[in-house]
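S.K.: Going by full-length UniProt numbering, the first residue of the first sequence is number 1, and it counts up by one from there. Using N, Cα and C, we set each Cβ at its ideal position, and we do this for glycine too. Note that the structure is predicted; figures quoted are calculated from it, not measured. Input: one structure, supplied below.
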Amino acid sequence: MTEETKKFYITTPIYYVNDKPHIGHAYTTVAADVLARLHRQVGNETFFLVGTDEHGVKIAQAAEAAGKSPQEFVDEIAAKFSFAWDTLEISNDRFIRTTEPAHISAVEKALQFMYDKGDIYLGKYEGLYCRGCEQFKMEKDLVDGKCPDHKIVPEKMSEETYMFRLSKYQAELLEKIESDDLQISPVSRKNEIVNFYKKDGLQDISFSRKNVKWGIPLPWDKSHTTYVWADAFLNYLTGLDWQGPKDPPPALWPADIQLMSKDILRVHTTIWPAMLLSLGLAVPAKIFVHGFFTVGGEKMSKSLGNVIDPNDWAAKYGSDAVRYFLLREVPFGQDGDVSEEKLKARFNGDLANGLGNLFSRTTNMIEKYLDGQLEDAVRSPKDLSAASEAFYNLDFAGGLVAIWQEIAWANQLIDKSKPWELFKTDPAKVKELLLNLAALLHDIALKLSPVMPETADKIRQLLESGDVKKAEPLFLKKD
RNA sequence: CGCGGGGUAGAGAAAUGGCAUCUCGCAAGGCUCAUAACCUUGAGAUUGUGGGUUCGAGUCCCACCCCCGCAACCA
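See the structure below:
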């Protein structure tokens, strides 16, 4: 953390809107939000992008199943994402959708540029095509040689397709990844990708579809639509109002951190940076990969019916509690397990009994023993910089643990000092104690505000009010 | 031999090669400022298995067992 202000551009993945948002989407987005708030707090020029990926055959199918046009369908789902982010107090600067005309126009220009340059060429894709899915299938997807969804044997088919010369960028990208020019964190993920580059290497990939209508037509051959990822990746640029490769790159580019879960790591460290090189743009500074959730020990899936809607949790426990829980429960970067039971345990234990009760007893004593009056010249007795440092390094759980250690310390101090007895013999000592506690709580609020903005505001407002009354409970315990 | 992550108390996590620690839960005690909260103490672990290196291994090496994720024209 240096003193001078810096620009900080952070993105979440662009979520595919074939269904409403679930807790996994919320996880990535909350983590990104904490970083964005943290950087704004120290005065960095911060831009935080979220968005939705709205093209492709899956969406067309989902729309048809819902009896809607693709555009109606994606409008509806995009609104649900937007609503969820509002509910969770996400402070994004922009919400981009790949169906926006400006995005589409930039994608067309980018692809034309790559085509003119020779990085996109007409080729052939040969594979196993399932008539039921209307899609090509991989060998590994088949069960007994049949499509698992339609129970039919796919046919060998070949199709004309435009290929992206991904292989061309193998050496350059590998060098950038190994040298941390394009940093991949945690390092185990970097190793995984480096390994992939060295063992398998990059092969040219199909960048267009002939049988997919819901997509962006290639400007030079309208019978093809753009491969969804090629379309989607460019949102990270069009989100900054980039209009195409002929324009100078946006001032905020490259992204400082791109957060994502591990399922899309590989495409983000191969196709995406290769496209950037093809377009003559810098690669992202850092890609950070977090883990997956299981729910109550089971993989989250629609068929199991255990998919969690973040809105449900937020409605019941409040957005701050959900934000706290997601970041506290699982070390960032690892896989973890969540459930409402675990959320409730954190809510009651850490929030209600921990922070909430400490705030109550402290403000009550300030009202009772100090007549609500605090003086300004109070110094924090503890140093919470370790917490901020942890947050900067994306160790959210570690930072929260550090803060809660201070809460435990404060509770111990109160019990040891016995202000309810001490007040009878030495009120000056009680005053000193309470001023220190107030300072500590104020500091905790400051450090906690990126994670729990509403709670932090409540704490600060009361302590800064000039006339402190016993606080309303911050968190009411749940049965 | 596809790639990778992981296995530490009932649960979840932590431990530059050096007394295995923390949180929740459980048991006992204490306190009354506080949201039946808070504080103290205790029980509970031969660190997945078997070898090896070392004065010393949860940590390093080898073999094996078990979970999980990924496997790019399925986002």
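#1: Residues in its own chain within less than 7 Å of L394 by CB, not counting five upstream and five downstream?
#2: The beta strand (DSSP E) with Q112 in it runs from where to where?
#3: Pull up the distance between the alpha-carbon of S388 and that of V17, whole angstroms please.
#4: Kindly indicate which residue of T425, K424, K447 and G67 has the alpha-carbon position closest to the one of F391.
#5: Within 10 angstroms of its Cβ, does T2 collect 16 or more other Cβ (buried), or is it exposed?
#6: So what does DSSP say about M260, is it helix, strand or coil?
#7: Which residues mark the beginning and the end of the alpha helix (DSSP H) in which T363 is found?
#8: For I193, name the three-state secondary structure that DSSP assigns.
#9: Locate the alpha helix (DSSP H) running through F293, then write down its first and last residues.
#10: If you check the beta carbons only, do L358 and I407 fall under 8 Å apart?
#11: Quick one: what's F347 bridged to in DSSP?
#12: So within the stretch 412–470, which uninterrupted alpha helix (DSSP H) runs reach at least 4 residues, ignoring any that extend past its ends?
#13: Answer with buried or exposed for E472, where buried requires no fewer than 16 other C-beta atoms within 10 angstroms of its C-beta.
#14: Checking the sheet assignment: what are the DSSP bridge partners for D53?
#15: For a test of the three-state rule: what should DSSP assign to T2, helix, strand or coil?
#16: Any contact between the stretch 273–280 and the stretch 27–35? By contact I mean 3 or more CB pairs, one from each, below 8 Å.
#17: Measuring CB to CB, does L474 end up less than 8 Å from G356?
#18: Judging by CA-CA distance, which residue of P450, D479, L413 and G372 is the nearest neighbour of residue 480?
#19: Bridge partners of Y392, per DSSP?
#20: Does the Cβ-Cβ distance between I216 and R266 come in under 8 Å?
#21: Below 8 Å on the Cβ atoms is my guess for D204 versus M163; work out the distance and round it to an integer in Å.
#22: Alpha carbon to alpha carbon, how far is P13 from G239? Give it in angstroms, no decimals.
#23: Please report the straight-line C-alpha distance between D116 and G280, rounded to a whole angstrom.
#24: Classify T98: buried if its beta carbon has 16 or more other beta carbons within 10 angstroms, exposed otherwise.
#25: Considering just the uninterrupted stretch of the alpha helix (DSSP H) at G24, what are its terminal residues?
#26: How many angstroms separate the CA atom of G466 from the CA atom of F325?
#27: Among residues of its own chain, excluding the 5 on either side of A377, which ones have a beta-carbon nearer than 8 Å to its beta-carbon?
#28: With DSSP as the reference, label K246 as helix, strand or coil.
#29: Who are the Cβ neighbours of L174 in its own chain at under 8 Å, not counting the five residues just before and after it?
M.R.: Let me lay it out:
#1: As a working mapping, residue 394 is identified with position 394 in the first sequence. Answer for L394: F288 and F332, listed in chain order.
#2: For this step, residue 112 is matched to residue 112 along the first sequence. Premise fails: Q112 lies in the alpha helix (DSSP H), P101 to D116, not in any beta strand (DSSP E).
#3: Counted from its first residue, the first sequence places residue 388 at position 388. Counted from its first residue, the first sequence places residue 17 at position 17. So the two alpha carbons sit approximately 34 Å from each other.
#4: Here residue 391 refers to the residue found at position 391 when the first sequence is read from its first residue. Measuring from the Cα of F391, the nearest candidate turns out to be K447.
#5: To locate residue 2, count along the first sequence from 1; it is residue 2. Unreliable positioning characterises T2 in this predicted model, as indicated by a pLDDT of 45, which lies under 50. The coordinate reading is nonetheless provided below. It counts as exposed.
#6: Indexing the first sequence from 1 puts residue 260 at position 260. Strand at M260.
#7: As a working note, residue 363 is residue 363 in the first sequence. Here the alpha helix (DSSP H) through T363 covers N357 to L370.
#8: Taking the first sequence and counting its residues from 1, the one referred to as residue 193 is at position 193. I193 falls in the helix class under three-state DSSP.
#9: Counted from its first residue, the first sequence places residue 293 at position 293. That residue, F293, is in no alpha helix (DSSP H); its beta strand (DSSP E) goes F293 to V295.
#10: Indexing the first sequence from 1 puts residue 358 at position 358. Indexing the first sequence from 1 puts residue 407 at position 407. Contact flag set, yes.
#11: For the purposes of this step, residue 347 is taken as residue 347 along the first sequence, with counting starting at 1. None, per the DSSP bridge assignment.
#12: 419–425, 427–448 and 453–463
#13: Here the question's residue 472 lines up with position 472 in the first sequence. Looking at its Cβ environment, which holds fewer than 16 other Cβ atoms inside 10 Å, E472 is exposed.
#14: Counting from one through the first sequence, the residue named residue 53 turns up at place 53. D53 is bridged to Y16.
#15: Numbered from its first residue, the first sequence carries residue 2 at position 2. Any reading at T2 must be qualified, since the residue scores a pLDDT of 45, below 50, and its modelled position is unreliable; no value is offered.
#16: no
#17: As a first step, residue 474 must be located in the first sequence, where it is residue number 474. As a first step, residue 356 must be located in the first sequence, where it is residue number 356. Result yes, Cβ atoms of L474 and G356 sit closer than 8 Å.
#18: What the structure shows of the chain is the stretch from 1 to 479, and residue 480 is not part of that stretch, so it cannot be assessed.
#19: Residue mapping note: residue 392 aligns to position 392 of the first sequence, counting from 1. In the DSSP output, where bridge partners are listed per residue, Y392 has none listed.
#20: One-based indexing of the first sequence puts residue 216 at position 216. One-based indexing of the first sequence puts residue 266 at position 266. No.
#21: Position 204 of the first sequence, counting from 1, holds the residue named residue 204. Position 163 of the first sequence, counting from 1, holds the residue named residue 163. With 8 Å as the limit, D204 and M163 qualify as a contact, their Cβ atoms being about 5 Å apart.
#22: Residue mapping note: residue 239 aligns to position 239 of the first sequence, counting from 1. Residue mapping note: residue 13 aligns to position 13 of the first sequence, counting from 1. Cα to Cα, the separation comes out at about 12 Å.
#23: Your numbering for residue 116 matches position 116 in the first sequence. Your numbering for residue 280 matches position 280 in the first sequence. D116 and G280: Cα-Cα distance of roughly 14 Å.
#24: Stepping through the first sequence from its first residue, residue 98 is reached at position 98. Per the 10 Å Cβ criterion, buried.
#25: In the first sequence, residue 24 corresponds to position 24, counting from 1. Taken as a continuous stretch (DSSP letters only), the alpha helix (DSSP H) holding G24 covers I23 to Q41.
#26: Stepping through the first sequence from its first residue, residue 466 is reached at position 466. Stepping through the first sequence from its first residue, residue 325 is reached at position 325. Their backbone Cα atoms lie some 32 Å apart in a straight line.
#27: Residue numbering aside, residue 377 sits at position 377 when the first sequence is read from its first letter. Model confidence at A377 stands at a pLDDT of 46, short of 50, so the residue's coordinates are unreliable; what they give is reported in the following sentence. There are no such residues.
#28: Position 246 of the first sequence holds residue 246. Coil.
#29: Position 174 of the first sequence, counted from the start, is the residue given in the question as residue 174. The answer, listed in chain order, is V194, Y197 and K198.
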